[in-house]
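*Asks:* Chains as they are written, first to last, in numbering that gives the first Met the number 0: chain R, 0 to 274; chain D, 0 to 166. For glycine and all other residues, C-beta sits at the position ideal for the given N, C-alpha and C.
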Amino acid sequence: MRNLLNFLYRYHAFILFLLLEFLCFTFIVRYSNFQRVRVLNSSNRVSGWIYKNYQSVEEFFALRRINDQLAADNANLRSSLLSLRETCDTLLFPASRDSNSLYSLIPAKVIHNSVNKQYNYITLNKGSNHGIKPDMGIVSPEGIVGVVINVSKNYATALSVLNSRWSVNAKLAKTNHFGPLYWEGVNPYVAVLNEIPYHVEVEPNDEVITSGFSTLFPEGILIGKVLRVEHEKGNNFQKIWVQLSTDFKGLSYVYLIDNKGKYERDDIENMISDE
Amino acid sequence: MNKKPAWYILLFVVVVLLQVLFVNNLQVSGFINPYFYVLFIMLLPVSVSRTVLLLLGFVLGITIDIFSSTPGIHASATVLVAFIRPFMIDTSNLEDQDKGMIPSLQNFGFRWFLKYAAVLILVHHFFLFFVEMFSFNGFLYTFLRSILSSVFTLILIVISQFIIFRK
């Protein structure tokens, strides 16, 4: 017994070191199931508060750029409104518009963002108080951004496309062939679309859009454009590099997609897998 | 030159805020990412016990982790640095030193400090980047990334010495 105590005393620093490292690696490995650790992420109150205040200072200096972006956005919306009005006027029947459309958008502001890690996350300034729920898709005016994972009362954290743990189902706009799109962890402007069969002809600048197969995103949201195509030996599929249309380094305002048909669709799709 | 606990608490807060608010945004093509916050562990007094050193390393790492949503990754690297720090000071042939002294550039000289900082930063960055990748795939890429980021961190830390301990 005394020997044991002696031993513990002599090597206490080393034992403590091993214990702490063990604890750290438990965190790392458990976080792979990234839904579980809810305390340790940046939507928690203190870090959310600090990021928000810092953001408001930084935002002041970025106002010009944000203004330009909003103005461009407005212009786009106005022009589509005008053309829609025209079509409405020419319709014979009075518009029996369904105000309960399937998707609604919630605007939010990015208060923290990174592009230089392997696993990049985004923190948003809205949370469950504003109707944000986990598994909502996020888009920017330029294209897709990511998906919400954790929600606190006033903040939410999200995986961005630039996270090697996530992939999104995408398709080629021209031919409708689909496959998973993921990020390889190096260049924040380029992702990879895989599992497109050999016989499909793909050319640079072809558009890549969301497939609408998952309930996160409606079909047809722009992801990016084909940059180049590679035929790897011993692989049955083409590997396609996609230039992302969203500039993750300059992300400021985003929209969260509230899909009202999500639960209904999930339920009916799960019935198949249950059988 | 002894410092009070309050000074260390202030240093901790400043180092963490500088890291998460400014240094993390200092990116060169998303490739180089200096981790300046190791400075806190380096500047703890010579006499600090190994247990306290390890625990403070853990707290510092976890704090950075909370800000970057990466539980455990930074903490594992800072605990390693806290573990090897005593070896760096013991083997440096420094006799009759004041036990409460800070291992800073001004107290121990430029050459000694450069070596001390370089070793700790290299260990920290290599460990961190490889744990972050969690594989040896793309070994050369991660290797280069660690080296270049370490150089940047070293420059920042040497500069910090002249700002913190201004005469």
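1. Identify the contact partners of Ile-72 (chain D) in chain R, using a Cβ-Cβ distance below 7 Å as the criterion.
2. Taking a Cβ distance cut-off of 7 Å, strictly less, list which residues of the stretch 43-54 of chain D are near chain R, in chain order.
3. Is it a yes or a no for the stretch 142-159 of chain D touching the stretch 35-50 of chain D, going by three-plus beta-carbon pairs under 8 Å?
4. Taking a Cβ distance cut-off of 7 Å, strictly less, list which residues of the stretch 153-184 of chain R are near chain D, in chain order.
5. Check the Cβ of Asn-242 (chain D) against every Cβ in chain R and list those closer than 8 Å, keeping chain order.
6. Just checking: is the beta-carbon of Ile-8 (chain D) within a distance shorter than 8 Å of some beta-carbon in chain R?
7. Taking just the CA atoms, how far does Pro-133 (chain R) sit from Phe-126 (chain D)?
8. Would Lys-238 (chain R) pass as an interface residue toward chain D - the criterion being a Cβ-Cβ separation below 8 Å?
9. Within the 8 Å Cβ cut-off, does Gln-242 (chain R) reach chain D?
10. Which of the three DSSP states is assigned to Thr-122 (chain R) in this structure?
11. Quick one: measure Cβ to Cβ for Gly-60 (chain D) and Phe-26 (chain R), integer angstroms, because I've assumed they're closer than 8 Å.
12. So, is Gln-34 (chain R) buried or exposed, given that buried needs 16 or more other C-beta atoms within 10 angstroms?
13. Buried or exposed for Ser-98 (chain R), going by 16 or more other Cβ atoms inside 10 Å?
14. Taking a contact to mean a Cβ-Cβ separation below 8 Å, would you say Asn-124 (chain R) touches Tyr-154 (chain R) in this structure?
15. How about Val-253 (chain R) and Val-28 (chain R): are their beta carbons less than 8 Å apart?
16. Taking any Cβ of chain R, which residues in the stretch 101-132 of chain D have a Cβ under 8 Å from it, in chain order?
17. Can you name the residues that DSSP bridges to Ser-166 (chain R)?
18. Between which two residues does the alpha helix (DSSP H) harbouring Asn-5 (chain R) extend?
19. In angstroms with no decimal places, state the Cα-to-Cα distance between Phe-236 (chain R) and Tyr-197 (chain R).
20. Taking 8 Å as the cut-off, decide whether the C-beta atoms of Leu-10 (chain D) and Leu-42 (chain D) are in contact.
21. Considering Gly-56 (chain D), what are the terminal residues of the alpha helix (DSSP H) in which it resides?
22. How far does the alpha helix (DSSP H) with Ile-8 (chain D) in it extend, from its first residue to its last?
23. For Gly-211 (chain R), name the three-state secondary structure that DSSP assigns.
24. Per DSSP, what are the beta-bridge partners of His-111 (chain R) in this structure?
25. CB Gly-136 (chain R) to CB Val-146 (chain R), shorter than 8 Å?
26. Is there a C-beta anywhere in chain R that falls below 8 Å from the one on Leu-20 (chain D)?
27. So, helix, strand or coil for Leu-245 (chain R), using DSSP?
28. List the residues of chain D whose Cβ lies closer than 9 Å to the Cβ of Gln-68 (chain R), in chain order.
29. Would a check of beta-carbon distances place Ile-65 (chain D) closer than 8 Å to chain R?
30. So, with DSSP's three-state summary, where would you put Val-45 (chain D)?
31. Is the CB of His-11 (chain R) under 8 Å away from at least one CB in chain D?
32. Any idea what DSSP makes of Gln-117 (chain R), helix, strand or coil?
33. Who are the near neighbours of Arg-49 (chain D) in its chain, counting only those whose CB is closer than 7 Å to its CB and skipping five residues on each side?
34. Need the endpoints of the alpha helix (DSSP H) that Leu-113 (chain D) sits in, please.
35. Given a cut-off of 8 Å, decide if Leu-15 (chain R) and Leu-53 (chain D) are closer than it, judged by their beta-carbon atoms.
36. Pull up the distance between the alpha-carbon of Ala-94 (chain R) and that of Leu-83 (chain R), whole angstroms please.
*Replies:* To lay it out plainly:
1. Translated into positions along the second sequence, residue 72 (chain D) becomes position 73. Under the 7 Å cutoff, chain R gives Ile-27.
2. Per Cβ criterion, the list reads Arg-49, Thr-50 and Leu-53.
3. They touch, by the three-pair rule.
4. Residues of the stretch 153-184 of chain R with a C-beta less than 7 Å from any C-beta of chain D: Thr-156, listed in chain order.
5. Residue 242 (chain D) cannot be examined here, being either before or after the span of chain D that is shown, 0 to 166.
6. Reading the second sequence from its first residue, position 9 is the one you call residue 8 (chain D). So, not an interface residue.
7. Numbered from its first residue, the second sequence carries residue 126 (chain D) at position 127. Numbered from its first residue, the first sequence carries residue 133 (chain R) at position 134. Cα to Cα, Phe-126 (chain D) sits roughly 33 Å from Pro-133 (chain R).
8. The sequence position of residue 238 (chain R) within the first sequence is 239, counting from 1. Chain D, which has no Cβ nearer than 8 Å to the Cβ of Lys-238 (chain R), makes this no.
9. Against the first sequence, residue 242 (chain R) aligns to sequence position 243. Judged by the 8 Å Cβ criterion, Gln-242 (chain R) is not in contact with chain D.
10. The count along the first sequence starts at 1 and reaches residue 122 (chain R) at position 123. Correct three-state label for Thr-122 (chain R): strand.
11. Residue numbering aside, residue 60 (chain D) sits at position 61 when the second sequence is read from its first letter. Residue numbering aside, residue 26 (chain R) sits at position 27 when the first sequence is read from its first letter. Beta-carbon to beta-carbon, Gly-60 (chain D) and Phe-26 (chain R) are separated by about 10 Å, too far to satisfy the 8 Å threshold.
12. Within the first sequence, residue 34 (chain R) is the residue found at index 35, counting from 1. Because the pLDDT of Gln-34 (chain R) is 43, which lies under 50, any placement of that residue in the model is unreliable, and the number read from its coordinates should be weighed accordingly. Burial state of Gln-34 (chain R) is exposed, judged by a 10 Å Cβ sphere holding fewer than 16 other Cβ atoms.
13. Translated into positions along the first sequence, residue 98 (chain R) becomes position 99. The predicted model places Ser-98 (chain R) with a pLDDT of 43, which falls under 50 and marks its position as unreliable; any figure quoted below should be read in that light. Exposed: under 16 other Cβ atoms inside 10 Å.
14. Position 125 of the first sequence, counted from the start, is the residue given in the question as residue 124 (chain R). Position 155 of the first sequence, counted from the start, is the residue given in the question as residue 154 (chain R). Yes, these two residues count as a Cβ contact at 8 Å.
15. Start at 1 with the first residue of the first sequence, and residue 253 (chain R) comes out as number 254. Start at 1 with the first residue of the first sequence, and residue 28 (chain R) comes out as number 29. No.
16. Taking 8 Å as the cut-off between beta carbons, the residues of the stretch 101-132 of chain D near chain R are Val-130, Glu-131 and Met-132, in sequence order.
17. Here residue 166 (chain R) refers to the residue found at position 167 when the first sequence is read from its first residue. BP columns for Ser-166 (chain R) point to R:Tyr-181.
18. Counting from one through the first sequence, the residue named residue 5 (chain R) turns up at place 6. Run containing Asn-5 (chain R): 1-9, per the alpha helix (DSSP H) assignment.
19. The residue you call residue 236 (chain R) lines up with position 237 of the first sequence. The residue you call residue 197 (chain R) lines up with position 198 of the first sequence. When only Cα atoms are considered, Phe-236 (chain R) and Tyr-197 (chain R) end up about 6 Å apart.
20. On the second sequence, position 11 is the one that residue 10 (chain D) refers to. On the second sequence, position 43 is the one that residue 42 (chain D) refers to. In this structure, Leu-10 (chain D) sits near Leu-42 (chain D), with a CB-CB distance shorter than 8 Å.
21. Locating residue 56 (chain D) in the second sequence gives position 57, counting from the first residue. Segment 49-67, the alpha helix (DSSP H) holding Gly-56 (chain D).
22. Counted from its first residue, the second sequence places residue 8 (chain D) at position 9. Counting along the chain, Ile-8 (chain D) sits inside the alpha helix (DSSP H) bounded by residues 4-16.
23. Indexing the first sequence from 1 puts residue 211 (chain R) at position 212. Looking at Gly-211 (chain R) - three-state DSSP - the assignment turns out to be coil, as it is neither helix nor strand.
24. Looking up residue 111 (chain R) in the first sequence gives position 112. Answer is R:Thr-122.
25. The residue labelled residue 136 (chain R) in the question sits at position 137 within the first sequence. The residue labelled residue 146 (chain R) in the question sits at position 147 within the first sequence. Taking 8 Å as the Cβ cut-off, Gly-136 (chain R) and Val-146 (chain R) qualify as a contacting pair.
26. As a position in the second sequence, residue 20 (chain D) is number 21, starting the count at 1. Chain R has a Cβ within less than 8 Å of the Cβ of Leu-20 (chain D).
27. One-based indexing of the first sequence puts residue 245 (chain R) at position 246. In the sequence as presented, Leu is not what sits at residue 245 (chain R); that position holds Thr. In this structure, Thr-245 (chain R) counts as coil in the three-state DSSP scheme.
28. The residue given as residue 68 (chain R) occupies position 69 in the first sequence. Against Gln-68 (chain R), chain D offers no close residue; the least beta-carbon distance is about 19 Å (beta-carbon pairs closer than 9 Å).
29. On the second sequence, position 66 is the one that residue 65 (chain D) refers to. By this cut-off, Ile-65 (chain D) is an interface position.
30. Residue numbering aside, residue 45 (chain D) sits at position 46 when the second sequence is read from its first letter. In this structure, Val-45 (chain D) counts as coil in the three-state DSSP scheme.
31. Along the first sequence, one-based indexing puts residue 11 (chain R) at 12. His-11 (chain R) counts as touching chain D.
32. Against the first sequence, residue 117 (chain R) aligns to sequence position 118. Of the three classes helix, strand and coil, the one that applies to Gln-117 (chain R) here is coil, per DSSP.
33. Position 50 of the second sequence holds residue 49 (chain D). Only residues of its own chain outside the window of five on either side were considered, and among them Pro-85 have a CB closer than 7 Å to the CB of Arg-49 (chain D), listed in chain order.
34. As a working mapping, residue 113 (chain D) is identified with position 114 in the second sequence. From DSSP, the alpha helix (DSSP H) with Leu-113 (chain D) extends over 109-132.
35. Position 54 of the second sequence, counting from 1, holds the residue named residue 53 (chain D). Position 16 of the first sequence, counting from 1, holds the residue named residue 15 (chain R). Contact: yes.
36. In the first sequence, the residue the question calls residue 94 (chain R) occupies position 95. In the first sequence, the residue the question calls residue 83 (chain R) occupies position 84. Because the pLDDT of Ala-94 (chain R) is 41, which lies under 50, any placement of that residue in the model is unreliable, and the number read from its coordinates should be weighed accordingly. Note on geometry: alpha-carbon atoms of Ala-94 (chain R) and Leu-83 (chain R) lie some 12 Å from one another.
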